[in-house]
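Engineer: Sharing a structure here in structure tokens format.
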Amino acid sequence: MPLADRIRRFLRSPQGQRARNRAGQIARDPRTQAKARRLLTRFRGKGGGHGRRY
10 MPLADRIRRF
20 LRSPQGQRAR
30 NRAGQIARDP
40 RTQAKARRLL
50 TRFRGKGGGH
60 GRRY
């Protein structure tokens, strides 16, 4: 079974619905949004002041 079909089946299940609702709650949290913004600015190379580490 293709991976996309397995994901769709999971999201339709009660457990998948709970996971989706929880992810929505987390995404709406202002602290989580701020964390995501900070990470994006670091990955884009704007801010952080550390330069690139290889």
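If you number the sequence shown the way our numbering does, the last residue is 63 and the count never jumps.
Cβ coordinates follow ideal geometry from the N, Cα and C atoms, glycine included.
(1) Which two residues bound the contiguous alpha helix (DSSP H) that contains residue 54?
(2) What's the C-alpha gap between residue 20 and residue 11?
(3) Could you please give the first and the last residue of the uninterrupted alpha helix (DSSP H) stretch that includes residue 11?
Structural biologist: Result, derived from the coordinates:
(1) Here the question's residue 54 lines up with position 45 in the sequence shown. Membership of residue 54 in any alpha helix (DSSP H) is not indicated, and neither H nor E is assigned to it by DSSP.
(2) Residue numbering aside, residue 20 sits at position 11 when the sequence shown is read from its first letter. Residue numbering aside, residue 11 sits at position 2 when the sequence shown is read from its first letter. Rounded to the nearest angstrom, the two C-alpha atoms are 15 Å apart.
(3) The count along the sequence shown starts at 1 and reaches residue 11 at position 2. In this chain, residue 11 is not harboured by any alpha helix (DSSP H), its DSSP state being neither H nor E.
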